[in-house]
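K.L.:
Quick one: the structure is below, and I'll ask about it shortly.
Protein chains: 2
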Amino acid sequence: MNIGDAARQSGVSAKMIRYYESIGLIAPAGRSEAGYRVYEADDVHRLRFIRRARDLGFPLETISALLDLWGNRRRRSEQVKALALHHVAAMKEQIANLQAMVSTIEHLAETCHGDGRPDCPIIDELAAPPTRSRREGRPSGRA
Amino acid sequence: MNIGDAARQSGVSAKMIRYYESIGLIAPAGRSEAGYRVYEADDVHRLRFIRRARDLGFPLETISALLDLWGNRRRRSEQVKALALHHVAAMKEQIANLQAMVSTIEHLAETCHGDGRPDCPIIDELAAPPTRSRREGRPSGRA
DNA sequence: CTTGACCTTACCATCATGGGAAGGTCCACC
DNA sequence: GGTGGACCTTCCCATGATGGTAAGGTCAAG
Chain A
55 MNIGDAARQS
65 GVSAKMIRYY
75 ESIGLIAPAG
85 RSEAGYRVYE
95 ADDVHRLRFI
105 RRARDLGFPL
115 ETISALLDLW
125 GNRRRRSEQV
135 KALALHHVAA
145 MKEQIANLQA
155 MVSTIEHLAE
165 TCHGDGRPDC
175 PIIDELAAPP
185 TRSRREGRPS
195 GRA
Chain B
55 MNIGDAARQS
65 GVSAKMIRYY
75 ESIGLIAPAG
85 RSEAGYRVYE
95 ADDVHRLRFI
105 RRARDLGFPL
115 ETISALLDLW
125 GNRRRRSEQV
135 KALALHHVAA
145 MKEQIANLQA
155 MVSTIEHLAE
165 TCHGDGRPDC
175 PIIDELAAPP
185 TRSRREGRPS
195 GRA
């Protein structure tokens, strides 16, 4: 089958299939006489695997490792689990960062009248002079 | 003062100051005879404002609007609040997405032995055949 | 006058994805 | 037999915000 069919069957766009090939995530596809990429059912399975892993937020580098483990009969499930939990930890950290920003802004927005007057604690906070308490960005020296 | 001092005093790297200028977030700095960018205290204030807004996750485009509002004596605080809450909503959505991925993976990882055996529900899930229940990526037709 | 810290521009990389252009292929229909 | 349209190819550009590096100019202190 051609790349368009593989895309439809796997849920990965043709564009991305070519990209995955270019970065070595998947092996170069076979080619027809005219130079068209040719795919087999197994290729579609791999692409579907990648698609699902992407949907779970795994970076391509980790997906590469997961693909290897998938094809390795002697894999240890602890290896898979470690990759998964590492990714979970990364996402949880991202969530914590986002949550902190959300909390800060919501706190400021609470005391903002939100009417026609210009006074606004949000602007005030952003425009406030440097403090010793607030961790001021100071790129520590000659950064 | 030169760009290095402005960077140290604002917490924004020299690199980013030049970038912000290039995209029009800040006005082009004055230049010394030798072509060095020259900054005043007010420029540093603006940069510090940007830095704080970035720390709260605001995209540069929104920061541009916030800067305008900051300098507008006739601003309506509701405009500021709207920008802030819109950003909060975007972050909350991101959190929800991340949380969903975390939950899915944690659920799978729970039933993964994580030992020397190859069997692993995480791999199984990624490698599972298409289902009608799981929203299969199918780029809906000619996507 | 040298040295080193600073400045300049310009390009490349990240991460994963989409968009588009220019051109070749294939098939079905008339 | 020809033609149109759907498909394929490669190549370049853009995203968002940031860092890195390289090649070269400037400045001030010693």
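As given, the protein sequences belong to chains A and B, one line each in that order.
Read in order, the letters of the first sequence are residues 55 to 197 in our numbering.
Read in order, the letters of the second sequence are residues 55 to 197 in our numbering.
The beta carbon of each residue, even a glycine, is placed where N, CA and C say it ideally should be.
Are any of the Cβ atoms in chain B nearer than 8 Å to that of HIS161 (chain A)?
P.N.:
HIS161 (chain A) does not count as touching chain B.
K.L.:
Taking Cβ positions, are LEU121 (chain A) and ALA60 (chain A) nearer each other than 8 Å?
P.N.:
Not a contact, by the Cβ cut-off of 8 Å.
K.L.:
Using a beta-carbon distance below 8 Å, is SER86 (chain B) in contact with chain A?
P.N.:
No, no contact with chain A.
K.L.:
With a threshold of 8 Å between beta carbons, is PRO193 (chain B) in contact with chain A?
P.N.:
With a pLDDT of only 44 at PRO193 (chain B), under 50, the local geometry of the prediction cannot be trusted, and the value read off the model is given with reservation. Yes, PRO193 (chain B) counts as interfacial toward chain A.
K.L.:
Which residues, taken in chain order from the segment 75 to 109 of chain B, show a beta carbon closer than 8 Å to some beta carbon of chain A?
P.N.:
Flagged, chain order: HIS99, ARG102, PHE103, ARG105, ARG106, ALA107 and ASP109.
K.L.:
Just the Cα atoms here: how many angstroms apart are ALA88 (chain B) and PHE112 (chain B)?
P.N.:
Near 35 Å, if we compare the C-alpha coordinates of PHE112 (chain B) and ALA88 (chain B).
K.L.:
Mark GLY191 (chain B) as exposed unless 16 or more other C-beta atoms lie within 10 angstroms of its C-beta, in which case mark it buried.
P.N.:
Bear in mind that the predicted position of GLY191 (chain B) carries a pLDDT of just 46, short of 50, making it unreliable; the figure below should be weighed with that in mind. GLY191 (chain B) should be labelled buried.
K.L.:
In three-state DSSP terms, what is VAL66 (chain B)?
P.N.:
Note: VAL66 (chain B) maps to coil in three-state DSSP.
K.L.:
Taking only three categories from DSSP, how would you classify PRO193 (chain B)?
P.N.:
Because the pLDDT at PRO193 (chain B) is just 44, under 50, the model does not fix this residue reliably, and the value given afterwards should be weighed accordingly. Coil, per DSSP.
K.L.:
Tell me whether ARG91 (chain A) sits in a helix, a strand or coil according to DSSP, three-state version.
P.N.:
Three-state DSSP puts ARG91 (chain A) in a strand.
K.L.:
Would you list, in sequence order, the uninterrupted alpha helix (DSSP H) runs of no fewer than 4 residues that lie entirely inside the segment 95 to 134 of chain A?
P.N.:
List check, alpha helix (DSSP H) in window: 95 to 109 and 114 to 124.
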